[in-house]
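Counting along the sequence shown from 1, when you hit position 426 you're at 426 in full-length UniProt numbering, and nothing is skipped either side.
Even for Gly, the Cβ is constructed at its ideal location relative to N, Cα and C.
Just so it is clear, the structure is predicted and the values come from calculations on it, not from any experiment.
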Amino acid sequence: MYSGAAAAGSPRRDFISVTLSPEEAAGVGSYNNSKAWRRRSCWRKWKQLSRLQRSVILFLFAFLAVCGVISYTSMGETWKSITNKSLDDQRTEQEIPRLKLANPAVLPAPQKADAKHGDYPELSLQKPPKPPHVRRGPSNLQIKAPRRDTRLKTRHDTMRAVEELVEVDKVEKTEKSIISWRGAVIEPDQSTEPPSSKITELEKPSPVEPEDQKEPVPINERQLAVIEAFRHAWKGYKDFAWGHDELKPLSKSYSEWFGLGLTLIDALDTMWILGLKEEFEEARKWVANDLVFDKNVDVNLFESTIRILGGLLSTYHLSGDSLFLEKAKDIGNRLMPAFKTPSKIPYSDVNIGRGTAHPPRWTSDSTVAEVTSIQLEFRELSRLTGDEKFRKAVDEVMKHVHILSGKNDGLVPMFINTNSGQFTHLGVYTLGARADSYYEYLLKQWIQGGKKENELLEDYMRAIEGVKKHLLQRSEPKKLTFVGELAHGHFSAKMDHLVCFLPGTLALGAHNGLAADHMKLAETLIETCYQMYAQVETGLSPEIVHFNLHAQKGHKDIEIKPADRHNLLRPETVESLFYMYRFTGDKKYQDWGWEILQNFNRYTRVPTGGYTSINNVQNPSNPEPRDKMESFFLGETLKYMFLLFSDDIDLINLDKYVFNTEAHPLPIWVPA
């Protein structure tokens with residue numbers, strides 16, 4: 001170290017000190033601006049500060065950090081709100097082809113209903129008033145998920161915005177090409193190439209010519225009776241089974257299947273359509289606070305798709321509440337492991353908590369109806385989310401089944417193997433359990449997709465011809481046309497109540513331009529389904545009937561075996577009555593439905609709340625209640641009853657919506 005000092009006697013002394021490291025003293029070290037050198041230099045400077053100086057600096061840094069966190073927290077919500085509003089305004093001014101629907105994003109919010117029967121007239125599903133000179137009809141609205149802060153109580157503001165958009169989006173007439181397929185005249189636009197599964201090319205619902213302004217149709221007495229029946233059923237569920245899957249009304253308890261509140265979710269859109277605002281809001285709170293899918297439980301892919309996913313998607317479309325879309329995305333993602341099979345034919349069961357899937361314990365087969373009746377829901381989920389994995393998975397199933405051998409003039413066997421992807425148990429053909437909704441979803445996917453997927457139409461038309469050729473017979477003595485079964489070339493005069501979906505499906509196809517004889521067949525089959533009620537002592541249909549092919553003195557057209565005489569409150573006949581009345585206007589279909597509702601009240605209603613399945617439809621004095629109310633009684637049966645008794649064709653307009661097999665309406669897409 002070198003030191004220097006001023007001359008003695010000077011009043012001030014200055015010192016200069018220089019410290020050299022051994023390397024520097026040896027001449028081997030020098031400043032090179034490296035990161036290591038800078039770190040050592042900064043650390044030396046930091047150490048040279050006094051303890052007080054370092055404490056002050058650290059305190060200032062901590063203070064600034066705390067202030068920054070507080071500022072971010074207080075300003076975040078405001079900035080988010082401003083940003084969302086700006087984005088929403090931009091989207092309103094732009095076309096969003098992927099999400100554009102033929103119907104408004106929401107139906108009118110349900111009117112508040114009092115529990116007293118005398119106050120029911122307040123429940124009328126009133127359409128919101130529109131400005132003068134605005135013609136009524138689908139408004140080509142742009143559909144987007146509502147902002148997260150949207151709440152049920154602000155639905156009327158949404159409707160006001162909808163009406164304003166009607167002025168902006170004028171509906172244009174579209175020319176339609178005419179295509180003939182095996183005698184059927186098809187009027188919709190159809191592409192000559194298979195449609196792309198890309199989400200960016202998904203269609204918007206078709207514009208329909210606007211209609212003249214109409215007065216809202218008030219709720220009538222029969223609809224009020226349906227509302228009363230629903231409230232009675234809901235009372236039992238709320239009192240004894242709230243948040244559980246199904247009500248056991250006699251024992252005033254509940255049963256669990258998946259532990260996901262099946263009845264509540266199945267009934268959400270029914271409550272909206274019936275105008276039960278208070279019940280809906282109460283159920284919504286349960287969905288928001290208590291519906292959790294992250295649990296170690298096996299669910300059936302088909303049942304959870306049509307009831308839970310379908311119910312959530314439908315309720316989202318009717319209410320515009322994004323809570324239901326978020327829940328739909330959650331369950332949709334959790335069901336996807338079912339498709340991880342060698343053949344891409346999904347397993348029947350999924351553990352939604354663990355993310356694993358498996359076939360039933362006793363077989364590696366899935367039923368054909370289950371794997372081909374989940375498409376409407378997953379396709380719509382893709383369209384809403386922009387994630388095409390959902391649609392791709394279910395479309396692969398349909399394309400695979402389309403080319404499979406083992407069909408009989410379009411009729412398919414009941415089982416398909418998840419490993420090989422081939423039909424099993426060949427030679428047995430039915431439109432009842434395990435196959436029914438395959439045929440229903442062929443038509444409804446074609447309608448949902450804008451009538452452009454010709455493979456689906458071809459398979460449907462071929463199947464109906466197969467039904468006519470192999471499964472149709474007439475009974476004695478009334479010569480009722482019915483749909484039987486074929487087992488290895490032998491005809492069986494057995495018909496499930498489930499088959500009574502077919503008249504409504506045929507009528508829907510005829511309404512959408514298919515062959516006129518489909519409607520004639522629908523008219524004869526719905527008569528048969530009604531007779532399955534009318535010829536029974538309680539006026540309620542059994543689960544299965546056998547028809548007499550030969551006249552026998554003292555015998556009716558139908559015979560009921562002891563194992564088949566139960567009634568589960570099923571919806572299929574009422575469903576078809578709804579379609580038939582909607583398309584024909586024939587009041588007899590409403591009268592038949594009214595008879596069925598009265599008999600449900602007479603033989604299945606439980607005084608303390610709820611309705612119950614019964615074991616014996618042939619014993620009016622003791623129908624032997626089974627102590628179970630299926631979720632589909634609220635989700636389907638009463639919903640179709642209410643729609644059947646309505647004269648308002650815009651209450652779930654069938655040119656804008658297609659029902660899934662659990663009666664949850666989903667929007668029809670339209671080409672851009």
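* Asked: Any idea which residues DSSP pairs P360 with across the strands?
  -> By one-based count along the sequence shown, residue 360 stands at place 360. None; P360 has no bridge partner.
* Asked: So what's T263 in DSSP terms, helix, strand or just coil?
  -> In the sequence shown, counting from the first residue as 1, residue 263 sits at position 263. Helix.
* Spatial neighbours of F642 in its chain, beta-carbon cut-off 7 Å, leaving aside the 5 residues before and after -> What you label residue 642 is simply residue 642 of the sequence shown in a count that begins at 1. Excluding the 5 residues flanking it on each side, F642 has same chain C-beta neighbours closer than 7 Å at Q223, V226, I273 and L274, in chain order.
* **4-residue-minimum alpha helix (DSSP H) runs that sit fully inside the segment 450-497, ordered along the chain** => Qualifying alpha helix (DSSP H) stretches, in chain order: 454-466.
* What's the gap between the Cα of F240 and the Cα of K248? -> Here residue 240 refers to the residue found at position 240 of the sequence shown. Here residue 248 refers to the residue found at position 248 of the sequence shown. Counting only the Cα atoms, K248 lies some 8 Å from F240.
* Asked: Cα-Cα, which of F230, C500 and T637 is closest to L276?
  -> Here residue 276 refers to the residue found at position 276 of the sequence shown. Of the residues F230, C500 and T637, the one whose Cα lies closest to the Cα of L276 is F230.
* To which residues of the same chain is E396 closer than 6 Å at the C-beta, ignoring the five residues directly before and after it? -> Translated into the one-based positions of the sequence shown, residue 396 becomes position 396. K344, listed in sequence order.
* In this structure, what does DSSP give as the bridge partners for F423? -> Here residue 423 refers to the residue found at position 423 when the sequence shown is read from its first residue. Paired residue(s): I416.
* To do: Using alpha carbons as the reference points, say which of K252, E278 and G311 lies closest to G261.
  => Residue numbering aside, residue 261 sits at position 261 when the sequence shown is read from its first letter. The shortest Cα separation from G261 among K252, E278 and G311 belongs to G311.
* To do: Would you decide whether Q590 is buried or exposed? Buried here means 16 or more other CB atoms lie within 10 Å of its CB.
  => Position 590 of the sequence shown, counting from 1, holds the residue named residue 590. By the 16-neighbour rule on beta-carbons within 10 angstroms, Q590 is buried.
* Note down, in chain order, each residue of its chain lying with its Cβ closer than 6 Å to the Cβ of I265, except the 5 sequence neighbours on either side. => The residue labelled residue 265 in the question sits at position 265 within the sequence shown. Excluding sequence positions up to five before and after I265, its CB lies within less than 6 Å of the CB of I308 and G311, all in the same chain and listed in chain order.
* **For L502 and R383, the rounded distance between their alpha carbons** => To locate residue 383, count along the sequence shown from 1; it is residue 383. To locate residue 502, count along the sequence shown from 1; it is residue 502. Those two C-alpha atoms are separated by around 28 Å.
* Asked: Going by beta carbon distance, what residues of the same chain come within less than 6 Å of H117, once the five residues before and after it are set aside?
  -> For the purposes of this step, residue 117 is identified with residue 117 of the sequence shown, where counting begins at 1. Unreliable positioning characterises H117 in this predicted model, as indicated by a pLDDT of 40, which lies under 50. The coordinate reading is nonetheless provided below. Hits under 6 Å: none found.
* Asked: According to the neighbour-count rule (16 or more other Cβ atoms, all chains shown, within 10 Å of its Cβ), is A663 buried or exposed?
  -> Here residue 663 is taken as the residue at index 663 of the sequence shown, counted from 1. Counting every other CB atom within 10 Å of its CB across the protein chains shown gives A663 a total of 16 or more, marking it as buried.
* N512 lies in the beta strand (DSSP E); which residues open and close that run? -> Within the sequence shown, numbered from 1, the residue matching residue 512 stands at position 512. For N512, there is no enclosing beta strand (DSSP E), as DSSP marks it with neither H nor E.
* Asked: Helix, strand or coil: which one does DSSP assign to P665?
  -> Residue numbering aside, residue 665 sits at position 665 when the sequence shown is read from its first letter. It is a strand residue.
* Over what stretch of residues does the alpha helix (DSSP H) that includes N601 continue unbroken? -> One-based indexing of the sequence shown puts residue 601 at position 601. Annotation: the continuous alpha helix (DSSP H) that includes N601 extends over K587 to Y603.
* If you draw a straight line from the alpha carbon of V536 to that of G593, how long is it in whole angstroms? -> Position 536 of the sequence shown holds residue 536. Position 593 of the sequence shown holds residue 593. The straight-line gap from Cα to Cα measures roughly 15 Å.
* Quick one: what does DSSP say I614 is sitting in, helix, strand or coil? -> Taking the first residue of the sequence shown as 1, we reach residue 614 at position 614. I614 falls in the strand class under three-state DSSP.
* To do: On a CA-only basis, which of A369, K494, I558 and T604 is nearest T661? Give me that one, please.
  => If you number the sequence shown from 1, residue 661 lands on position 661. Closest option to T661, Cα to Cα, is A369.
* Do H358 and G609 have their C-beta atoms closer together than 8 Å? -> By 1-based counting over the sequence shown, the position of residue 358 is 358. By 1-based counting over the sequence shown, the position of residue 609 is 609. Going by C-beta atoms, H358 is not nearer than 8 Å to G609.
* To do: Within its chain, find whatever has a CB closer than 7 Å to the CB of N548; leave out the 5 residues flanking it on each side and keep chain order.
  => Looking up residue 548 in the sequence shown gives position 548. Contacts found: S475, E476, H555, D557 and E559.
* Asked: Hey, how far is the Cα of F583 from the Cα of R361?
  -> To locate residue 583, count along the sequence shown from 1; it is residue 583. To locate residue 361, count along the sequence shown from 1; it is residue 361. A direct Cα-Cα distance of roughly 44 Å separates F583 from R361.
* Asked: With which residues is L411 paired in a DSSP beta bridge?
  -> Working through the sequence shown from its first residue, we reach residue 411 at position 411. DSSP lists N408 as partners of L411.
* Could you tell me whether the Cβ atoms of Q448 and I668 are closer together than 8 Å? => Your numbering for residue 448 matches position 448 in the sequence shown. Your numbering for residue 668 matches position 668 in the sequence shown. Result yes, Cβ atoms of Q448 and I668 sit closer than 8 Å.
* Asked: Looking at C-alpha atoms only, which residue of K520, G421 and F390 is the closest neighbour of S405?
  -> For the purposes of this step, residue 405 is identified with residue 405 of the sequence shown, where counting begins at 1. The residue from K520, G421 and F390 with its alpha-carbon nearest to that of S405 is G421.
* Asked: For P571, does the three-state DSSP call read helix, strand or coil?
  -> Numbered from 1 along the sequence shown, position 571 holds the residue referred to as residue 571. Reduced to three states, the DSSP call for P571 is coil.
* To do: Would you be able to state if there are at least three C-beta pairs under 8 Å between the segment 644-656 and the segment 620-629?
  => Short answer: they don't touch.
* To do: Could you tell me which residues DSSP puts in a beta bridge with T637?
  => Here residue 637 refers to the residue found at position 637 when the sequence shown is read from its first residue. Looking at the DSSP assignment, T637 forms no beta bridge with any residue, so it has no partner.
* Pairwise C-alpha distance: N567 and N599 -> Looking up residue 599 in the sequence shown gives position 599. Looking up residue 567 in the sequence shown gives position 567. Put simply, the backbone Cα of N599 is about 12 Å away from that of N567.
* Nearest-angstrom beta carbon gap, M271 and F258 [assumed within contact, 8 Å] -> Locating residue 258 in the sequence shown gives position 258, counting from the first residue. Locating residue 271 in the sequence shown gives position 271, counting from the first residue. For F258 against M271, the beta-carbon gap comes to about 21 Å, at or over 8 Å, which does not count as contact.
* **Start-to-end residues for the beta strand (DSSP E) that takes in N300** => As a working mapping, residue 300 is identified with position 300 in the sequence shown. That run of the beta strand (DSSP E) goes D298 to N300.
* Within the same chain, show all residues whose beta-carbon is closer than 7 Å to that of K327, passing over the 5 residues directly before and after it, in chain order. => In the sequence shown, residue 327 corresponds to position 327, counting from 1. The residues are V287, L291 and L312.
* Can you tell me where the alpha helix (DSSP H) with K556 in it begins and where it stops? -> Locating residue 556 in the sequence shown gives position 556, counting from the first residue. No alpha helix (DSSP H) holds K556; DSSP gives it neither H nor E.
* Asked: Quick one, are the C-beta atoms of H497 and L486 less than 8 Å apart?
  -> Translated into the one-based positions of the sequence shown, residue 497 becomes position 497. Translated into the one-based positions of the sequence shown, residue 486 becomes position 486. For H497 and L486, no; Cβs fall outside 8 Å.
* Would you check if the distance between the CB atom of R565 and the CB atom of N601 is smaller than 8 Å? => Counting from 1 along the sequence shown, the entry for residue 565 is found at position 565. Counting from 1 along the sequence shown, the entry for residue 601 is found at position 601. Taking 8 Å as the Cβ cut-off, R565 and N601 do not qualify as a contacting pair.
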